[in-house]
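Visitor:
In this note's numbering, the protein residues as written are 4 to 289.
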């Protein structure tokens, strides 16, 4: 019901409120575990993890475990999530384009690429280092529980910190807010797709898609792992052909940007660039 109400009120009200609430709650949770956890270890993990990411970004982008085919970790995690995000890119791209209306390319890159990456560095460093430290102090009990059921480990982890009951409530609330924020965005995007691309689809259209998603989710939960696994495999298959479409879109974006603002002649000190649609011109500052 929460995401249906949020989708019905639109981006400027329900979606914005849920998104802001998720940021505030997540930031408070990170701050708490940074103070209550092994702070020095967490800061060291942040520094080392950031450096490792920057150093291994290119090599890991090509890692396929060519000589370790028996190991399924890369396929079940790295490759799977890459393919999942490729399959999700039309939906995510349309929503980000909608909320980025009126922003510059620089603002878009900072808000969509730079800031989320920095937040991910901090998030994994704070919670990852705290979990590893707890697992070491409890003789591997947390990792054993995670192998049995990740959900149990999610709630067993905050139970070892002061205010365990309140932390459990905050964790559940954050999960619900994240889910609602993602689902209401899906309602809006699907409504746009089915309404011819209008910026603000009619409320009944968004509600129909919201109910449909709830029904599909319920069916998948009742079908067990087999239904969810089948859907995951279908998303992977859909991602493969769309990869080539994304590559073509990248090339098209570069061509579009190049055509939007003509290149200046660096040898001409009087070169001026006229910005399309404004009638204004900017002189070469040199």
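We treat Cβ as the ideally placed atom computed from N, Cα and C, and that holds for glycine.
Given a cut-off of 9 Å, decide if residue 164 and residue 40 are closer than it, judged by their beta-carbon atoms.
Guide: Taking the chain shown and counting its residues from 1, the one referred to as residue 40 is at position 37. Taking the chain shown and counting its residues from 1, the one referred to as residue 164 is at position 161. Yes; because the gap between Cβ atoms is below 9 Å, this pair is in contact.
Visitor: From what residue to what residue does the alpha helix (DSSP H) around residue 192 run?
Guide: The residue given as residue 192 occupies position 189 in the chain shown. 167–197 is the span of the alpha helix (DSSP H), which, as asked, contains residue 192.
Visitor: For the alpha helix (DSSP H) that contains residue 47, what are its first and last residues?
Guide: The residue labelled residue 47 in the question sits at position 44 within the chain shown. Residues 42–64.
Visitor: Can you give me the start and stop residues for the alpha helix (DSSP H) that residue 142 sits inside?
Guide: By 1-based counting over the chain shown, the position of residue 142 is 139. Premise fails: residue 142 is in no alpha helix (DSSP H) and is neither H nor E.
Visitor: Skipping 5 residues on each side, what residues in its chain have a beta carbon closer than 7 Å to that of residue 7?
Guide: By 1-based counting over the chain shown, the position of residue 7 is 4. The answer, listed in chain order, is 210 and 213.
Visitor: Spell out a yes or no on whether the stretch 28–42 and the stretch 126–133 are touching, meaning 3 or more CB-CB pairs, one atom from each, closer than 8 Å.
Guide: Segments in contact, yes.
Visitor: Between which residues of its own chain and residue 186 is the CB-CB distance below 6 Å, once the five residues before and five after are set aside?
Guide: In the chain shown, residue 186 corresponds to position 183, counting from 1. So the qualifying residues of the chain are 6.
Visitor: Consult DSSP for residue 146 and reduce its assignment to one of helix, strand or coil.
Guide: Start at 1 with the first residue of the chain shown, and residue 146 comes out as number 143. Of the three classes helix, strand and coil, the one that applies to residue 146 here is helix, per DSSP.
Visitor: For residue 262, does the three-state DSSP call read helix, strand or coil?
Guide: In the chain shown, counting from the first residue as 1, residue 262 sits at position 259. Helix at residue 262.
Visitor: Using the C-alpha atoms, what's the distance from residue 56 back to residue 118?
Guide: Against the chain shown, residue 118 aligns to sequence position 115. Against the chain shown, residue 56 aligns to sequence position 53. Those two C-alpha atoms are separated by around 15 Å.
Visitor: At what residues does the alpha helix (DSSP H) containing residue 155 begin and finish?
Guide: Stepping through the chain shown from its first residue, residue 155 is reached at position 152. 153–159 is the extent of the alpha helix (DSSP H) around residue 155.
Visitor: Measure the CB-CB distance between residue 28 and residue 177 and report whether it falls below 9 Å.
Guide: As a first step, residue 28 must be located in the chain shown, where it is residue number 25. As a first step, residue 177 must be located in the chain shown, where it is residue number 174. Yes, the pair counts as a contact, with Cβ atoms nearer than the cut-off.
Visitor: Please classify residue 32: does DSSP put it in a helix, a strand, or coil?
Guide: The sequence position of residue 32 within the chain shown is 29, counting from 1. It is helical.
Visitor: Considering just the uninterrupted stretch of the alpha helix (DSSP H) at residue 225, what are its terminal residues?
Guide: Within the chain shown, numbered from 1, the residue matching residue 225 stands at position 222. Segment 206–226, the alpha helix (DSSP H) holding residue 225.
Visitor: Please work out which residues of its chain come closer than 7 Å, Cβ to Cβ, to residue 89, disregarding the five sequence neighbours upstream and downstream, and give them in chain order.
Guide: Translated into the one-based positions of the chain shown, residue 89 becomes position 86. 242, 245, 246 and 249.
Visitor: Can you give the Cα-Cα distance for residue 278 and residue 110, rounded to whole angstroms?
Guide: Sequence index remark: in the chain shown, residue 278 carries index 275 (1-based). Sequence index remark: in the chain shown, residue 110 carries index 107 (1-based). Any answer about residue 278 is weak, because its pLDDT of 40 lies below 50 and its placement is not dependable; what the coordinates show is given next. Rounded to whole angstroms, residue 278 to residue 110 spans 19 Å at the Cα level.
Visitor: Alpha carbon to alpha carbon, what distance is there between residue 255 and residue 261?
Guide: Along the chain shown, one-based indexing puts residue 261 at 258. Along the chain shown, one-based indexing puts residue 255 at 252. Those two C-alpha atoms are separated by around 10 Å.
Visitor: State buried or exposed for residue 26, treating a residue as buried only when at least 16 other CB atoms are found within 10 Å of its CB.
Guide: What you label residue 26 is simply residue 23 of the chain shown in a count that begins at 1. It is exposed - the Cβ of residue 26 has fewer than 16 other Cβ atoms within 10 Å.
Visitor: When burial is assigned at 16 or more other CB atoms within 10 Å of the CB, is residue 10 buried or exposed?
Guide: On the chain shown, residue 10 is found 7 positions in, with the first residue counted as 1. It is buried - the Cβ of residue 10 has at least 16 other Cβ atoms within 10 Å.
Visitor: In angstroms, rounded to a whole number, what distance separates the CA positions of residue 173 and residue 258?
Guide: Position 170 of the chain shown, counted from the first residue, corresponds to residue 173. Position 255 of the chain shown, counted from the first residue, corresponds to residue 258. Answer to the nearest angstrom: the Cα atoms are 47 Å apart.
Visitor: Which residue marks the beginning of the alpha helix (DSSP H) containing residue 12, and which one marks its end?
Guide: The residue given as residue 12 occupies position 9 in the chain shown. Counting along the chain, the alpha helix (DSSP H) containing residue 12 begins and ends at 5–12.
Visitor: Between which two residues does the alpha helix (DSSP H) harbouring residue 335 extend?
Guide: This structure cannot speak to residue 335, because the chain is shown only from 4 to 289.
Visitor: Give the straight-line distance between the Cα atoms of residue 133 and residue 205, rounded to the nearest whole angstrom.
Guide: By 1-based counting over the chain shown, the position of residue 133 is 130. By 1-based counting over the chain shown, the position of residue 205 is 202. Cα to Cα, residue 133 sits roughly 46 Å from residue 205.
Visitor: Can you grab the Cα-Cα spacing for the pair residue 194 / residue 203, in whole Å?
Guide: Locating residue 194 in the chain shown gives position 191, counting from the first residue. Locating residue 203 in the chain shown gives position 200, counting from the first residue. About 8 Å.
Visitor: Which residues bound the alpha helix (DSSP H) around residue 94?
Guide: On the chain shown, residue 94 is found 91 positions in, with the first residue counted as 1. That run of the alpha helix (DSSP H) goes 83–102.
Visitor: The alpha helix (DSSP H) with residue 16 in it runs from where to where?
Guide: Translated into the one-based positions of the chain shown, residue 16 becomes position 13. Counting along the chain, residue 16 falls outside any alpha helix (DSSP H), and DSSP gives it neither H nor E.
Visitor: Given this structure, state the Cα-to-Cα distance separating residue 231 from residue 237, to the nearest angstrom.
Guide: If you number the chain shown from 1, residue 231 lands on position 228. If you number the chain shown from 1, residue 237 lands on position 234. Each residue's alpha carbon lies about 10 Å from the other.
Visitor: Under a three-way DSSP split, which group does residue 107 fall into?
Guide: Within the chain shown, the letter at position 104 stands for residue 107. Correct three-state label for residue 107: coil.
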